[in-house]
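Mapping the sequence shown onto the numbering used here, position 51 (from 1) lands on 51, and the numbers just tick up by one. Every residue gets a Cβ at the ideal spot worked out from N, C-alpha and C, and that includes glycine. Given the structure is predicted, the values throughout are model-derived calculations rather than measurements. Note sheet for the following structure.
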Amino acid sequence: MPSLPYQGTPTPAYSTVTETPVITTTGLTKVYRSRGREVTALDGVDLHVREGEVYGVIGQSGAGKSSLIRCVNLLERPTAG
């Protein structure tokens, strides 16, 4: 079946980003302690995500990506922040 050309009026794009952050961290720090050693996964991270914004988190293995997401989602308790 051949497709028909669109005959409607295009809807203008609009921004769904608001000014008020829905996720905010200030000085987010996560330190893991094991067998007398400390490993700092996050050190003073400030993050402000507004409604409608989309972010990606990239970095090397062990850079703290999962720790950041787990702390923001309150799956892990941050050491500070």
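Residue 23 versus residue 49 - alpha carbon distance = Mapped onto the sequence shown, residue 23 falls at position 23. Mapped onto the sequence shown, residue 49 falls at position 49. Whole-angstrom Cα-Cα distance: 5 Å.
Can you have a look at residue 83 and say buried or exposed, based on whether 16 or more other CB atoms are within 10 angstroms of its CB?
-> Residue numbering for the chain in the displayed model covers 1 to 81; residue 83 lies beyond these limits and cannot be assessed.
Classify residue 39 as helix, strand or coil using the three-state DSSP reduction.
-> Residue mapping note: residue 39 aligns to position 39 of the sequence shown, counting from 1. Strand at residue 39.
With a 10 Å radius around its C-beta and 16 neighbouring C-beta atoms as the bar for buried, classify residue 45 as buried or exposed.
-> Sequence index remark: in the sequence shown, residue 45 carries index 45 (1-based). The residue is buried, with at least 16 neighbouring Cβ atoms inside 10 Å.
Put residue 74 into one of helix, strand or coil per three-state DSSP.
-> Counting from 1 along the sequence shown, the entry for residue 74 is found at position 74. In the structure shown, residue 74 sits in coil (DSSP, three-state: anything other than H, G, I, E or B).
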